[in-house]
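S.K.:
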Amino acid sequence: MSDSNYTPAEIEPKWRQHWLSSGLHNARDEDPRPKYYCLDMFPYPSGSGLHVGHWRSYVLPDCWSRYKWLQGYKVLHPMGWDAFGSPAENDAIKKGIHPAVGTRANVENFKRQLQEIGAMYDWSREVNTTDPEYYRWTQWIFLQMFRKGLAYKAFMPINWCPGCKTGISNEDVVNGRCERCGAVVTKKEMNQWMLRITKYADRLLTGLQALDWPEKVKTMQTNWIGKSEGAEVTFKAVAADRSEHPLKIFTTRPDTLFGATYMVLAPEHPLVPALASPTQLAQVDAYIANARNESDIDRTSKTEKTGVFTGAHAINPVNDEQIPIWISDYVLMGYGTGAIMAVPAHDERDYEFARSFGLEIREVISSPAGVAQEAFVGEGVMINSGPFSNRPSAQGRREIVKWLEDQGLGRATIAYKLRDWVFSRQRYWGEPIPIVDCSKCGLVPVSEEDLPVRLPDVERYQPTGTGDSPLAAITDWVNVACPKCGGPAKRETDTMPQWAGSSWYFLRYASPHAADALITEQGKKWLPVDLYVGGVEHAILHLLYARFFTMFLFDIGVVAFEEPFRRLFNQGMITHVGTSGKAEKMSKSKGNVVNPDDLVRDYGCDSLRMYELFVGPPELDAEWSDKGIEGVHRFLKRAWHWVVQHEGKWASAPDRDVLVERHLLIKNVTERLEAFRMNTIVSAFMEFINKMTSSRHAPDRETVEAFLVLMAPFAPHFAEELWQRTGHQPTIFGQKWPAWDERYTTADSVEIAVQVNGKTRGTIVVPSDAGEDAVVEAALKDAAIHRFLDGRHVRKRVFVKGRILNLIVG
RNA sequence: GCGAAAGUGGCGGAACUGGCAGACGCGCUAGACUUAGGAUCUAGUGGGGAAACCCAUGAGGGUUCGAGUCCCUCCUUUCGCACCA
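Numbered per my numbering, the first sequence spans residues 3 to 812.
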């Protein structure tokens with residue numbers, strides 16, 4: 003009979019339609035069960051569609067959501083679109099397709115493909131960052147930050163991407179290149195909107211501790227925030243013209259203060275013009291001009307330190323010593339105070355610089371090998387340090403800071419690597435920044451009732467490259483009455499970065515249609531996110547920004563928690579051999595993309611789902627194998643036949659062996675799900691079916707039902723169809739996750755390995771509960787084992803119940 | 001350079017707190033059924049050896065009755081960080 007065959011092409015669309023129309027996956031606010039919020043990182047809907055690598059990231063959380071569902075939670079598992087961004091804008095430039103139009107088409111395609119996964123997304127909660135009803139709240143958040151002084155405009159040198167022709171944030175720069183387009187990032191002085199994320203540095207750091215996140219991600223964020231405890235010390239700088247200027251430096255080693263033999267300012271340091279002596283001015287100017295034009299890559303890839311003497315000197319507050327002030331690009335303006343005291347004896351960089359320029363190296367921490375060859379950066383006993391000599395450096399550090407504080411020359415302080423977030427983009431396809439610049443009132447926020455500030459249509463989407471956004475050319479949009487005084491004013495024409503919309507989208511899913519609030523009281527009950535699944539590539543950018551936004555929204559009372567994502571799981575990517583000949587991340591340009599649509603057509607969605615899980619441990623990268631899917635497809639066919647074949651002919655009572663297999667399967671699947679070891683769960687299912695199909699016992703109904711419920715998160719269509727065929731009403735997702743009974747998870751008898759002097763010489767089958775004496779007795783009777791004893795005396799025996807017996811002889 | 005993770009058959013990968021290494025799957029080899037099969041089923045499949053056995057988890061040591069697993073020294077790969085004072 004044809005309908006006894008496994009035909010995914012028929013059953014899968016049918017059940018998807020059924021689930022969709024019955025609203026099975028919709029999260030209901032009024033549902034009394036406990037909530038579980040499982041979130042996938044929402045995609046950028048690119049024109050090339052999903053490949054099997056994307057699939058992997060969506061299958062895992064879907065599987066987990068369905069498991070939680072069967073465990074009795076009301077599950078929120080939403081999906082949406084991070085749809086602002088340059089590819090849509092580039093299409094607009096190239097093909098003349100309006101970004102909104104192109105984005106809409108891409109979303110349609112993505113949505114179709116995602117639905118083919120059979121994922122239980124609640125499409126009634128779909129969000130799109132480019133929807134004005136969505137971005138009005140992105141703008142609203144910006145306004146709240148503006149009111150609290152967290153959004154400010156500043157003229158300063160920032161990272162400029164010549165590829166994207168826009169300013170970008172520090173986080174957007176990866177190894178000196180633009181995270182988005184790969185161009186080498188340069189510097190540009192611009193008037194920029196900034197977000198004061200540094201105000202949250204300490205909370206962003208300490209908040210990490212309680213999170214159930216991969217250590218790797220926590221470490222990356224910790225490094226990014228880069229907290230250092232130290233001291234700020236004020237030196238007196240004396241210019242060549244005898245003018246005096248306080249010069250503040252930051253150091254983590256105030257205990258080495260007596261070893262400071264020169265000072266270094268960053269080329270951008272504001273004191274440089276005042277300090278440079280006339281004789282040195284030309285050299286100083288040349289050095290600064292050069293530094294300004296250099297990219298970070300140029301700057302950090304130098305083999306030797308460079309620098310120039312200013313002609314000025316500084317007075318060391320601890321010993322009144324006069325030391326030269328230099329300028330070098332190894333000191334960064336953005337960190338600490340942009341100036342350092344150089345202690346070459348105890349700092350590798352200072353050591354290198356001192357060597358290059360013949361500056362004094364003075365040892366002030368006693369080091370075993372001296373400092374003739376290299377800097378000593380460890381702790382030790384202080385020497386050559388006046389009244390502070392002969393102390394351990396850690397103690398001296400505290401005493402010197404105390405002394406500086408008493409003298410009003412310094413204080414203990416903390417420095418962070420984290421910088422404020424450059425939030426302006428000179429691009430079209432983003433959220434307009436809702437600020438109006440009035441010549442009379444200054445920067446005035448658009449009033450909240452006037453949100454959203456809609457993105458107007460333009461004719462030219464090209465980034466201008468001049469530092470102005472394409473919006474600047476739309477004069478009838480730009481010119482507006484000041485919200486405060488009604489006088490003539492201009493709109494801000496920069497847009498927000500793509501990270502803006504993704505920094506809070508997880509909140510909007512909880513009440514996506516609320517018109518008068520970012521989130522409703524009812525919606526708040528879904529939050530925070532219980533499990534967040536996505537790639538490790540967002541370890542810093544998105545995850546740091548989202549935490550910052552959430553903390554801010556907590557501070558102004560919008561949400562009741564500071565950390566949005568309790569648990570984070572980074573799944574590995576799929577690699578595949580492409581034109582380069584080696585396995586790489588899938589991408590169109592590498593020619594190694596595998597399209598899931600073909601696989602769904604040939605094998606069915608459930609086969610692809612299970613293969614995506616079977617391919618390897620979810621947290622590791624996995625190489626795609628075109629043949630691999632056939633294994634799970636065969637398994638599904640065999641499992642299908644096993645169920646259909648026994649339908650209506652169930653064993654009236656379970657055979658003991660079948661019972662054990664059932665309980666073992668429940669235990670294995672459940673425990674391995676909890677540990678996110680989905681790949682071994684698929685193996686467990688295969689083993690189960692292998693045993694069942696080779697068993698002479700027919701299964702009982704309860705065993706088959708348990709099998710189907712366990713399979714439901716993995717192969718939902720398969721499970722739902724067979725659920726119905728075995729005489730149930732849909733849906734199987736109304737069932738309860740089965741429980742196992744430890745009494746039935748051990749077989750009656752067990753095979754034990756018998757070793758002689760540590761080498762396995764045979765196996766014997768004994769009752770599971772057999773004790774040492776019984777096993778030894780059985781082993782000695784076994785001919786194969788007996789041979790190895792060779793008549794020698796058993797001197798010692800090691801017995802592990804149910805596992806092994808080791809006989810030591812001779 | 002610093003830090004983290006990893007290294008197991010032809011391939012992807014199993015192996016719970018030290019206990020029969022290679023589960024499960026791909027591939028491969030035979031055979032069965034077939035007009036045919038890239039369908040399905042059965043058997044086999046780490047290496048060496050005729051066999052008894054021996055050798056095998058990146059390399060080398062160590063601890064232990066017993067090590068893929070623990071300890072030490074290296075090697076390789078991947079990923080972070082990298083003038084942050």
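The beta-carbon is built from N, C-alpha and C at its ideal position, and this holds for glycine as well.
1) Spatial neighbours of residue 420 within its chain, please: C-beta separation below 7 Å, excluding the five flanking residues on both sides.
2) Just to confirm, are residue 732 and residue 52 a CB contact at a threshold of 8 Å?
3) Which residues in the same chain as residue 220 place their Cβ atom closer than 6 Å to its Cβ, once the five residues preceding and following it in sequence are excluded?
4) Taking Cβ to Cβ, would you say residue 430 is nearer than 8 Å to residue 181?
5) Using 8 Å as the threshold, is the region 234-252 in touch with the region 297-311, meaning 3 or more CB pairs across them?
6) According to the neighbour-count rule (16 or more other Cβ atoms, all chains shown, within 10 Å of its Cβ), is residue 3 buried or exposed?
7) Taking buried to mean at least 16 other C-beta atoms within 10 Å of its own C-beta, is residue 558 buried or exposed?
8) What is the rounded straight-line gap between the Cα of residue 205 and the Cα of residue 13?
9) For a minimum of 3 consecutive residues, which ranges assigned as the beta strand (DSSP E) are wholly contained in the region 528-581?
10) If you run the structure through DSSP and keep just helix, strand and coil, what is residue 437?
11) Just to confirm, are residue 412 and residue 235 a CB contact at a threshold of 8 Å?
12) In this structure, what does DSSP give as the bridge partners for residue 247?
13) Say whether the region 38-55 touches the region 72-88, bearing in mind that this needs 3 or more beta-carbon pairs closer than 8 Å, one atom from each stretch.
14) Report the three-state DSSP secondary structure of residue 4 (helix, strand or coil).
15) Pick from 353, 727, 640 and 64: whose alpha carbon is nearest that of residue 308?
16) Please report the distance separating the alpha-carbon of residue 284 from that of residue 362.
17) Per DSSP, residue 234 is paired with what?
18) Please check the pair residue 77 and residue 29, which I expect to be a contact at CB under 8 Å, by giving their CB distance rounded to whole angstroms.
19) Which class does residue 184 belong to by DSSP, given the choice of helix, strand or coil?
20) Look up residue 81 in the DSSP assignment and say whether it is helix, strand or coil.
21) Would you grab the beta carbon distance between residue 365 and residue 372 for me? Rounded to a whole angstrom, and I think it's under 8 Å.
22) How should residue 487 be labelled, buried or exposed, when 16 other C-beta atoms within 10 angstroms of its C-beta is the threshold for buried?
23) Could you tell me if residue 800 is buried or exposed, where buried requires 16 or more neighbouring beta carbons within 10 angstroms of its beta carbon?
24) If you reduce the DSSP assignment to three classes, tell me which class residue 286 lands in.
25) Less than 8 Å between the CB atoms is what I'm expecting for residue 691 and residue 641, so what's the real figure, rounded?
26) For residue 417 and residue 401, what's the separation of their Cα atoms in angstroms?
27) Here's the rule: buried if 16 or more other CB atoms are within 10 angstroms of the residue's CB, otherwise exposed. What is residue 636?
28) Which of the three DSSP states, helix, strand or coil, is assigned to residue 274?
29) Whose C-alpha, out of 72, 319 and 702, is nearest the C-alpha of residue 407?
30) In terms of DSSP beta bridges, what is residue 801 paired with?
31) What ranges does the beta strand (DSSP E) occupy inside the region 105-164, keeping only unbroken runs of at least 3 residues that lie completely in it?
32) For residue 197, name the three-state secondary structure that DSSP assigns.
33) Take every Cβ of the region 732-751, pair it with every Cβ of the region 689-703, and state whether three or more of those distances are shorter than 8 Å.
34) Would you identify the three-state DSSP class for residue 329, choosing helix, strand or coil?
35) Can you have a look at residue 513 and say buried or exposed, based on whether 16 or more other CB atoms are within 10 angstroms of its CB?
36) Can the beta-carbon of residue 99 be found less than 8 Å from the beta-carbon of residue 463?
M.R.: According to the structure shown:
1) Excluding positions up to five away in sequence, the list reads 199, 200, 203, 226, 227 and 228.
2) no
3) Result list for residue 220: 210, in chain order.
4) no
5) no
6) Since pLDDT at residue 3 reaches only 36, below the 50 mark, its modelled position is unreliable, and no value is offered.
7) exposed
8) Near 51 Å, if we compare the C-alpha coordinates of residue 13 and residue 205.
9) If only uninterrupted beta strand (DSSP E) runs of at least 3 residues are considered, those enclosed by the region 528-581 are 531-536, 567-572 and 576-579.
10) strand
11) yes
12) 239
13) yes
14) Only weak support exists for where residue 4 lies, its pLDDT of 40 falling under 50; the value from the coordinates is given anyway. Helix.
15) 353
16) The straight-line gap from Cα to Cα measures roughly 25 Å.
17) 252 and 413
18) Right, their Cβ atoms sit about 7 Å apart.
19) coil
20) coil
21) 7 Å
22) exposed
23) With fewer than 16 other beta carbons inside 10 angstroms of its own, residue 800 counts as exposed.
24) helix
25) 5 Å
26) 20 Å
27) exposed
28) helix
29) Residue 407 has its Cα closest to that of 319, out of 72, 319 and 702.
30) 807
31) 153-163
32) strand
33) No: the two stretches stay apart, fewer than three of their Cβ pairs being nearer than 8 Å.
34) strand
35) buried
36) no
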